[in-house]
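Student: Dropping the structure in here first, questions after.
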Amino acid sequence: MSSKVRVRFAPSPTGPLHIGGVRTALFNYLFAKRLKGDFILRIEDTDQTRYVEGAEKYIIEALEWCGLPYDEGPGKNGGFGPYRQSERKHIYKEYAEELISKGHAYYAFDTSEELDGHRKDHEAKGKTFIYNWHNRLKLTNSLSLTPDQTKARLDAGEDYVIRFLTPQDQKLHLTDIIRGDIEIDTNILDDKVLFKSDGMPTYHLANIVDDHLMKITHVIRGEEWLPSLALHQMLYTSFNWETPQFAHLPLIMKPVGKGKLSKRDGDKLGFPVFPLSWNDSVGYREAGYFPESVVNFLALLGWNPGTEQELFNLQELIDQFSLERVHKSGARFDPDKTKWYNHQYLQQKPDSELASLFQPELIERGISEELVHLDYLEKVVCLIKERANFVSDFWELSDYFFEAPKTYEEKAVRKQWKEDTPKLMADLITVLESISDFSSENVENTVKQWITDKELSFGKVMPPLRLIIVGAMKGPHLFDILSMIGKDNSIGRIEKALSTL
Ligand code: GLU
568 MSSKVRVRFA PSPTGPLHIG GVRTALFNYL FAKRLKGDFI LRIEDTDQTR YVEGAEKYII
628 EALEWCGLPY DEGPGKNGGF GPYRQSERKH IYKEYAEELI SKGHAYYAFD TSEELDGHRK
688 DHEAKGKTFI YNWHNRLKLT NSLSLTPDQT KARLDAGEDY VIRFLTPQDQ KLHLTDIIRG
748 DIEIDTNILD DKVLFKSDGM PTYHLANIVD DHLMKITHVI RGEEWLPSLA LHQMLYTSFN
808 WETPQFAHLP LIMKPVGKGK LSKRDGDKLG FPVFPLSWND SVGYREAGYF PESVVNFLAL
868 LGWNPGTEQE LFNLQELIDQ FSLERVHKSG ARFDPDKTKW YNHQYLQQKP DSELASLFQP
928 ELIERGISEE LVHLDYLEKV VCLIKERANF VSDFWELSDY FFEAPKTYEE KAVRKQWKED
988 TPKLMADLIT VLESISDFSS ENVENTVKQW ITDKELSFGK VMPPLRLIIV GAMKGPHLFD
1048 ILSMIGKDNS IGRIEKALST L
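Going by the working numbering, the sequence shown opens with residue 568, and the numbers climb by one from there.
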């Protein structure tokens, strides 16, 4: 294809974007950027009954947070706007009428009660009612009525829909970049409604009219739209328009068991399924994920680079992405892996940035001013981040840098606090008091020298000291901690332990 690549992400604002939707947006974005094309956001809001206030704003904010800006869309006109279908209402009717005049569509006057009746009759006989070649001439439409009867009904202002006249006895050859060739027998298809009695187009009509008018070259969307492909291709053919290329992305599956990951799974399974929070459902952003890790793990849900590489920044994804490497089968969602990704990105962040992210929590916890200075926090973060997946893990991993332990881990006390421990610790206070340069290295050398000179054992000094300073048998190199909290605090904590343990 010689024309400029143009793709669109076309969500319906019926609620928050599910991460599957974000993945669709991401794959569109990557595909467009790799081929120096345009990424368009189109809001498909023709179904007014499903419209949810705030959903469009949410979608835009989610794309922004993920770092996937659109080139054209609401608020960014690129010459093909408006980009909200509700603002394009006036466009669609003439296209539906064009199809009627070309003999590819027809008016249908059947009421919903009549159609319900047909459905029930069929069900009673163990059959399914489909509005198509099989029965369309027995129903109330411009094919079964005379032109005069049809005109009279239209003139009388009777409610009608416009249905597509699916050709009979044809084999359609569809092509999908990911799924290859698909053959469909038109006799199994129903005559879908293109235009509704409320004066609005259905998704099918609006979608292909807009893709045509917006010069979309590739339609990349979720697998749930694959069943619509036959109709869409027939519509392009009926209008005599060039058909874009299609790629239907694999579903994202639940972590265990069967079925696709649904919007409700998040609350049920305890991990976010939305990029940003929505009502009571916590989003990835609020759960403490970095957008880079969300983009990275989503990219690998359904696509693989063909190498062992797992960590990709956005530019690397753009450089390596191709639809040919997207697979057909569902991609199982692994919540532990998402944490692993966040862990990786957290390790890569500069300590100064992590310190700034940590600081507000400490202020909120009422930690004294001299301890929330960024240079102190940078040192703390550097010592503990290795064990953290999220900035929100920092406090639990580092509280002893900010305050003396309030309790001591019981099991450790039983194991480490021996009869001679108080005496050893009291002597250690004297040793620490004598140190003027309280650097980690110097404290370590002095304490070790004392242990050796007095022929003490390391096992009798170091574990109880850790228990006293940290409150538990965890944390980084103990002398680093002593040096960080300083001489007075170190001695103070030993004294406190001596009086309480
Ligand atoms: N409005 C549809 C949706 O909500 C778009 C499907 C398509 O991309 O064609 O997913």
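Even for Gly, the Cβ is constructed at its ideal location relative to N, Cα and C. As the structure is a prediction and not an experimental result, all values here were calculated from the model.
Say the cut is 6 Å; is the CB of Asn1070 nearer than that to a heavy atom of the ligand GLU?
Tutor: In the structure as shown, the chain begins at 568 and stops at 1068. Residue 1070 is therefore absent and cannot be evaluated.
Student: Locate the beta strand (DSSP E) running through Ile745, then write down its first and last residues.
Tutor: For the purposes of this step, residue 745 is taken as the residue at position 178 of the sequence shown. It is not in any beta strand (DSSP E) - Ile745 carries neither H nor E in the DSSP assignment.
Student: Got a sec: does the ligand GLU put a non-hydrogen atom nearer than 6 Å to the Cβ of Ala577?
Tutor: Here residue 577 refers to the residue found at position 10 of the sequence shown. Result yes, Cβ under 6 Å from the ligand GLU.
Student: Report yes or no: do the segment 1031–1051 and the segment 978–998 share at least 3 C-beta pairs separated by less than 8 Å?
Tutor: In short, these stretches touch, since the Cβ pair count reaches three.
Student: If you draw a straight line from the alpha carbon of Phe841 to that of His740, how long is it in whole angstroms?
Tutor: Counting from 1 along the sequence shown, the entry for residue 841 is found at position 274. Counting from 1 along the sequence shown, the entry for residue 740 is found at position 173. The straight-line gap from Cα to Cα measures roughly 36 Å.
Student: Which whole-angstrom value is the C-beta distance of Leu593 and Val862, which I expect to be below 8 Å?
Tutor: Here residue 593 is taken as the residue at index 26 of the sequence shown, counted from 1. Here residue 862 is taken as the residue at index 295 of the sequence shown, counted from 1. At roughly 6 Å, the Cβ-Cβ gap stays under 8 Å, so Leu593 and Val862 are in contact.
Student: Say whether the segment 886–897 touches the segment 591–609, bearing in mind that this needs 3 or more beta-carbon pairs closer than 8 Å, one atom from each stretch.
Tutor: Touching, yes.
Student: Have a look at Tyr943 and Arg899 and give me their C-alpha separation to the nearest angstrom.
Tutor: Taking the first residue of the sequence shown as 1, we reach residue 943 at position 376. Taking the first residue of the sequence shown as 1, we reach residue 899 at position 332. Near 42 Å, if we compare the C-alpha coordinates of Arg899 and Tyr943.
Student: Quick one: measure Cβ to Cβ for Val728 and Phe762, integer angstroms, because I've assumed they're closer than 8 Å.
Tutor: The count along the sequence shown starts at 1 and reaches residue 728 at position 161. The count along the sequence shown starts at 1 and reaches residue 762 at position 195. That belief holds up - the Cβ atoms of Val728 and Phe762 are roughly 6 Å apart, short of 8 Å.
Student: Can you name the residues that DSSP bridges to Ala814?
Tutor: Stepping through the sequence shown from its first residue, residue 814 is reached at position 247. DSSP, once it has assigned bridges, lists Ile787 as partnering Ala814.
Student: Which runs of the alpha helix (DSSP H), 4 residues or longer, sit entirely within the segment 896–933?
Tutor: With a minimum length of 4 residues, the continuous alpha helix (DSSP H) runs that stay inside the segment 896–933 are 902–915 and 918–931.
Student: Quick one: what does DSSP say Met568 is sitting in, helix, strand or coil?
Tutor: As a working mapping, residue 568 is identified with position 1 in the sequence shown. For Met568, the pLDDT reaches just 48, beneath the cut-off of 50, and the residue's location in the model is therefore unreliable, leaving the point undetermined.
Student: Please confirm whether Ile1058 and Leu999 have their CB atoms less than 7 Å apart.
Tutor: As a first step, residue 1058 is located in the sequence shown; it is residue number 491 there, counting from the start. As a first step, residue 999 is located in the sequence shown; it is residue number 432 there, counting from the start. Yes; because the gap between Cβ atoms is below 7 Å, this pair is in contact.
Student: Would Tyr650 pass as a contact of Arg609 if the rule is Cβ separation under 7 Å?
Tutor: Indexing the sequence shown from 1 puts residue 650 at position 83. Indexing the sequence shown from 1 puts residue 609 at position 42. Yes, they are a contact pair.
Student: Which whole-angstrom value describes the C-beta separation of Val893 and Gly873, a residue pair presumed to lie in contact below a C-beta threshold of 8 Å?
Tutor: The residue labelled residue 893 in the question sits at position 326 within the sequence shown. The residue labelled residue 873 in the question sits at position 306 within the sequence shown. So it is not a contact: roughly 12 Å between Cβ atoms.
Student: Less than 7 Å between the C-beta atoms of Lys904 and Pro817, yes or no?
Tutor: Mapped onto the sequence shown, residue 904 falls at position 337. Mapped onto the sequence shown, residue 817 falls at position 250. No, the pair does not count as a contact, with Cβ atoms beyond the cut-off.
Student: For the ligand GLU, is there a heavy atom less than 6 Å away from the beta-carbon of Glu611?
Tutor: One-based indexing of the sequence shown puts residue 611 at position 44. Because some heavy atom of the ligand GLU lies under 6 Å away, the Cβ of Glu611 counts as near it: yes.
Student: Could you tell me the alpha carbon to alpha carbon distance between Asn880 and Pro927, rounded to whole angstroms?
Tutor: For the purposes of this step, residue 880 is identified with residue 313 of the sequence shown, where counting begins at 1. For the purposes of this step, residue 927 is identified with residue 360 of the sequence shown, where counting begins at 1. Distance between the alpha carbons of Asn880 and Pro927 is about 27 Å.
Student: Could you tell me whether the segment 779–788 touches the segment 798–816, using the rule of 3 or more Cβ pairs below 8 Å?
Tutor: In short, these stretches touch, since the Cβ pair count reaches three.
Student: Thinking just about the alpha-carbon of each residue, which of Ser919, Ser711 and Glu725 is nearest to the one in His940?
Tutor: Here the question's residue 940 lines up with position 373 in the sequence shown. Nearest C-alpha to His940: Ser919.
Student: In whole angstroms, give me the CA-to-CA distance for Phe647 and Val589.
Tutor: Looking up residue 647 in the sequence shown gives position 80. Looking up residue 589 in the sequence shown gives position 22. Rounded to whole angstroms, Phe647 to Val589 spans 23 Å at the Cα level.
Student: Taking the straight line between their C-alpha atoms, what separation do you get for Leu1023 and Glu1011?
Tutor: To locate residue 1023, count along the sequence shown from 1; it is residue 456. To locate residue 1011, count along the sequence shown from 1; it is residue 444. Each residue's alpha carbon lies about 15 Å from the other.
Student: In the DSSP assignment, find the beta strand (DSSP E) that holds Leu890 and state where it starts and stops.
Tutor: Start at 1 with the first residue of the sequence shown, and residue 890 comes out as number 323. Note, Leu890: premise wrong, no beta strand (DSSP E); not H, not E.
Student: Over what stretch of residues does the alpha helix (DSSP H) that includes Asp722 continue unbroken?
Tutor: On the sequence shown, position 155 is the one that residue 722 refers to. Where Asp722 is concerned, the enclosing alpha helix (DSSP H) stretches over Pro714 to Asp722.
Student: Look up Asn708 in the DSSP assignment and give the residues it is bridged to.
Tutor: For the purposes of this step, residue 708 is identified with residue 141 of the sequence shown, where counting begins at 1. Paired residues: Ala675.
Student: Given a threshold of 16 other Cβ atoms within 10 Å of its Cβ, counted over all protein chains shown, does Ile1052 qualify as buried or as exposed?
Tutor: Within the sequence shown, numbered from 1, the residue matching residue 1052 stands at position 485. With 16 or more Cβ atoms within 10 Å of its Cβ, Ile1052 is classed as buried.
Student: Look up Leu608 in the DSSP assignment and give the residues it is bridged to.
Tutor: Position 41 of the sequence shown, counted from the first residue, corresponds to residue 608. Paired residue(s): Phe576.
Student: Kindly identify the DSSP beta-bridge partner or partners of His771.
Tutor: Here residue 771 refers to the residue found at position 204 of the sequence shown. None; His771 has no bridge partner.
Student: Who does Ser848 pair with in a DSSP beta bridge?
Tutor: Residue numbering aside, residue 848 sits at position 281 when the sequence shown is read from its first letter. Looking at the DSSP assignment, Ser848 forms a beta bridge with Trp845.
Student: Just how far apart, CA to CA, sit Met568 and Gln876?
Tutor: For the purposes of this step, residue 568 is taken as residue 1 along the sequence shown, with counting starting at 1. For the purposes of this step, residue 876 is taken as residue 309 along the sequence shown, with counting starting at 1. With a pLDDT of 48 at Met568, under the threshold of 50, the predicted position of this residue should be treated as unreliable, though the coordinate-derived value follows. Whole-angstrom Cα-Cα distance: 31 Å.
Student: So, with DSSP's three-state summary, where would you put Met1040?
Tutor: The residue labelled residue 1040 in the question sits at position 473 within the sequence shown. Of the three classes helix, strand and coil, the one that applies to Met1040 here is coil, per DSSP.
Student: Per the contact definition of three or more C-beta pairs closer than 8 Å, is the segment 663–671 in contact with the segment 630–643?
Tutor: Not touching, per the Cβ criterion.
Student: Tell me the DSSP secondary structure of Trp962 in three-state form.
Tutor: The residue labelled residue 962 in the question sits at position 395 within the sequence shown. In this structure, Trp962 counts as helix in the three-state DSSP scheme.
Student: Within the present structure, is the beta-carbon of Trp808 separated from the nearest heavy atom of the ligand GLU by less than 6 Å?
Tutor: The sequence position of residue 808 within the sequence shown is 241, counting from 1. No; taking the cut-off as 6 Å, the Cβ of Trp808 has no heavy atom of the ligand GLU nearer than that.
Student: Do Phe623 and Pro583 have their C-beta atoms within less than 7 Å of each other?
Tutor: The sequence position of residue 623 within the sequence shown is 56, counting from 1. The sequence position of residue 583 within the sequence shown is 16, counting from 1. Residue identity check: residue 623 is Glu in the sequence provided, not Phe. No.
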